[in-house]
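For reference, each letter of the sequence shown is one residue, going 3 to 435 in this note's numbering.
Each residue gets a CB set at the ideal place from its N, CA and C atoms; glycine is no exception.
Note that the structure is predicted; figures quoted are calculated from it, not measured.
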Amino acid sequence: MNDATDYSRAFAAKPQPLTLEQAAWITPPMQAVDTEGMIDVPRMRRYRQNRLREQIRAQGLDAIILVEPLSIRYATGVRNCTLFQMHIQAGYLFMPAEGPVVYFDSEPGRNTGSTLETIDETRDDLLPLSYMFAGPRHDEWTRKWADQMDDLIQQYCGQGARKIAIERAGFHAEQALVEKGHLVSDVAPVLAHARKIKSPEEVLAMNLTIAVAEDGMTRMRDNLRNGVMEQELWAHMWSALIEGGGEWLDYRLLASGERTNPWQQEASSRMIRAGDLVVFDCGMVGPFSYGADISRAFRCGPGRPSDYQKSLYTMAHTEVMENTKLVKNGAAFSEIALSRHLPPRGFGDQPYPCMMHGLGMADEWPVILHSPDHPEFYDGQLEPGMVICVESYIGEIGGVEGVKLEDMVLVTESGPITLSRYPFEEELMTKEV
Numbered sequence: 003m004n005d006a007t008d009y010s011r012a013f014a015a016k017p018q019p020l021t022l023e024q025a026a027w028i029t030p031p032m033q034a035v036d037t038e039g040m041i042d043v044p045r046m047r048r049y050r051q052n053r054l055r056e057q058i059r060a061q062g063l064d065a066i067i068l069v070e071p072l073s074i075r076y077a078t079g080v081r082n083c084t085l086f087q088m089h090i091q092a093g094y095l096f097m098p099a100e101g102p103v104v105y106f107d108s109e110p111g112r113n114t115g116s117t118l119e120t121i122d123e124t125r126d127d128l129l130p131l132s133y134m135f136a137g138p139r140h141d142e143w144t145r146k147w148a149d150q151m152d153d154l155i156q157q158y159c160g161q162g163a164r165k166i167a168i169e170r171a172g173f174h175a176e177q178a179l180v181e182k183g184h185l186v187s188d189v190a191p192v193l194a195h196a197r198k199i200k201s202p203e204e205v206l207a208m209n210l211t212i213a214v215a216e217d218g219m220t221r222m223r224d225n226l227r228n229g230v231m232e233q234e235l236w237a238h239m240w241s242a243l244i245e246g247g248g249e250w251l252d253y254r255l256l257a258s259g260e261r262t263n264p265w266q267q268e269a270s271s272r273m274i275r276a277g278d279l280v281v282f283d284c285g286m287v288g289p290f291s292y293g294a295d296i297s298r299a300f301r302c303g304p305g306r307p308s309d310y311q312k313s314l315y316t317m318a319h320t321e322v323m324e325n326t327k328l329v330k331n332g333a334a335f336s337e338i339a340l341s342r343h344l345p346p347r348g349f350g351d352q353p354y355p356c357m358m359h360g361l362g363m364a365d366e367w368p369v370i371l372h373s374p375d376h377p378e379f380y381d382g383q384l385e386p387g388m389v390i391c392v393e394s395y396i397g398e399i400g401g402v403e404g405v406k407l408e409d410m411v412l413v414t415e416s417g418p419i420t421l422s423r424y425p426f427e428e429e430l431m432t433k434e435v
């Protein structure tokens, strides 16, 4: 089987279970019904929790304590005021290597959590970790929180000092747990290595988000005209996201004309003019809290693109296409960096900060830099189930315009499969670079 038609036939013949390759070609209905149960959500939740438990044990830990809402979402499926809880700590989750998962949150979160098979106990004795709620009693409340966590650790992990990994609870909370005699470390490696491998259900969920993002791209393209403001155009992506059941955009990376060089300027009130390039990066967290990270470039009409615009676009497209070929099972990050496509001289002097990065519930590990000689480079290897974003930015230093393109690619045993399907702009392509 080597195309979407073959995978569709396979799915019709045998709905479950799917392979990664089959899932890559399917965009499931937004709401599953009894005849269209393409996303087995309970199985997806169980898979993720099992991945976390495996990493807890593999890294010699007794338990983890999660505070970041996306981490709690990954571990259990529960969601409650996610954006609020990203900057005001409220709910938290206790997960031992073996034993009950205990969730603390306000009433809306507890109501949701009590319906999920991934949570064994919901607790209403929530203690404020945020200074907003605790104020000058912050140290007092975090010590009580440490007592609360210590009770759970002694009950489910055994008596005595234990190895506990924790995230974003704050200095006072972590110190209070250390004072209880526990060995406290950062939970980031546990989360990174659990989340890196996606199940077929997760790929289906990501395809839903990609479909929503590509709807937003179409709306932007349809509304691109001389005189529209950048932020007005970007609002169409937000509209598609919310209507499609998604959550938020991580940034507002849309720029036009001279603001496309250098890259990473956010949408402004600049009025887009005929002949401008319009470049964007969607950075979306959509349905089921899964990410879509895709970049495209349009040209505002009427008229035809200049040879220079076509040259920029074609170089960026070539870089994405050539580097996608490197996304292979077992490929070392250093091997990828050494084999990467090099843009023509003068056009790769201000590249995107990385050549590739992982994606799941938003951006995640790994980050593959352009050279093993970079002081921040680390090695690793690709595995089936990883979703990798392949990046390109092409623009001369001091140049008038630049082009950013990006695709999402699934690593499989049989080779890379590009999940993002939104077409590239034929009018901006040239045969000569």
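Where do the N-terminal and C-terminal ends of the beta strand (DSSP E) with residue i fall, by residue?
{"i": "D141", "result": "It is not in any beta strand (DSSP E) - D141 instead sits in the alpha helix (DSSP H) that spans H140 to C159."}
{"i": "L185", "result": "L185 to D188"}
Please classify residue i: does DSSP put it in a helix, a strand, or coil?
{"i": "H359", "result": "strand"}
{"i": "R298", "result": "strand"}
{"i": "I419", "result": "strand"}
{"i": "V35", "result": "Only weak support is given to the placement of V35: the predicted model assigns it a pLDDT of 48, under 50, and the value that follows is read from those uncertain coordinates. Coil."}
{"i": "E393", "result": "strand"}
{"i": "Q267", "result": "coil"}
{"i": "L179", "result": "helix"}
{"i": "E428", "result": "helix"}
{"i": "S241", "result": "helix"}
{"i": "P44", "result": "helix"}
{"i": "W27", "result": "coil"}
{"i": "L118", "result": "coil"}
{"i": "I90", "result": "coil"}
First and last residue of the alpha helix (DSSP H) that includes residue i?
{"i": "F135", "result": "Y133 to A136"}
{"i": "A364", "result": "From DSSP, A364 is part of no alpha helix (DSSP H) but of the beta strand (DSSP E) over A364 to I370."}
{"i": "S341", "result": "F335 to S341"}
{"i": "R223", "result": "P202 to D224"}
{"i": "H376", "result": "It is not in any alpha helix (DSSP H) - H376 carries neither H nor E in the DSSP assignment."}
For residue i, count neighbouring Cβ atoms within 10 angstroms of its own Cβ and tell me buried if that reaches 16, exposed if not.
{"i": "K198", "result": "buried"}
{"i": "R2", "result": "Summary: the structure shown does not reach residue 2, with the chain confined to residues 3 through 435, and so no result is reported for it."}
{"i": "T220", "result": "exposed"}
{"i": "Y310", "result": "exposed"}
{"i": "V69", "result": "buried"}
{"i": "G62", "result": "exposed"}
{"i": "L20", "result": "buried"}
{"i": "Y94", "result": "buried"}
{"i": "G332", "result": "exposed"}
{"i": "N4", "result": "Confidence at N4 is low in this model, with a pLDDT of 48, below 50, so the placement of that residue should be treated as unreliable; the coordinate-derived value is given next. Its Cβ having fewer than 16 others within 10 Å, N4 is exposed."}
For residue i, list the residues DSSP reports as bridge partners.
{"i": "W250", "result": "V287"}
{"i": "F282", "result": "L256 and R298"}
{"i": "I67", "result": "F96 and I168"}
{"i": "G293", "result": "V287"}
{"i": "M231", "result": "M273"}
{"i": "L412", "result": "V389 and I419"}
{"i": "E123", "result": "V104"}
{"i": "Q311", "result": "The partner list for Q311 (beta bridge, DSSP) is empty, contrary to what the question assumes."}
{"i": "V405", "result": "I396"}
{"i": "Q383", "result": "A334"}
Assuming residue i contacts residue j under a Cβ cut-off of 8 Å, what Cβ separation, rounded to an integer in Å, is found between them?
{"i": "V344", "j": "G397", "result": "In the sequence on display, residue 344 carries Leu and not Val. At roughly 15 Å, the Cβ-Cβ gap does not stay under 8 Å, so L344 and G397 are not in contact."}
{"i": "K312", "j": "G417", "result": "In fact, because the Cβ distance is near 30 Å, the residues do not count as touching under 8 Å."}
{"i": "P202", "j": "A25", "result": "4 Å"}
{"i": "L251", "j": "C284", "result": "7 Å"}
{"i": "D217", "j": "G246", "result": "6 Å"}
{"i": "G248", "j": "P304", "result": "The Cβ separation is near 33 Å, so there is no contact."}
{"i": "T262", "j": "T432", "result": "The Cβ separation is near 18 Å, so there is no contact."}
{"i": "P30", "j": "N209", "result": "7 Å"}
{"i": "G79", "j": "K200", "result": "Between K200 and G79 the Cβ distance is about 15 Å, and since that is not below 8 Å, they are no contact."}
Just to check, is the beta-carbon of residue i closer than 7 Å to a non-hydrogen atom of the ligand FMN?
{"i": "I338", "result": "As for the ligand FMN, it is missing from this structure, which has no ligand bound."}
Would residue i pass as an interface residue toward chain B - the criterion being a Cβ-Cβ separation below 8 Å?
{"i": "R342", "result": "Given the protein chain composition of this structure (a single chain), no chain B is represented."}
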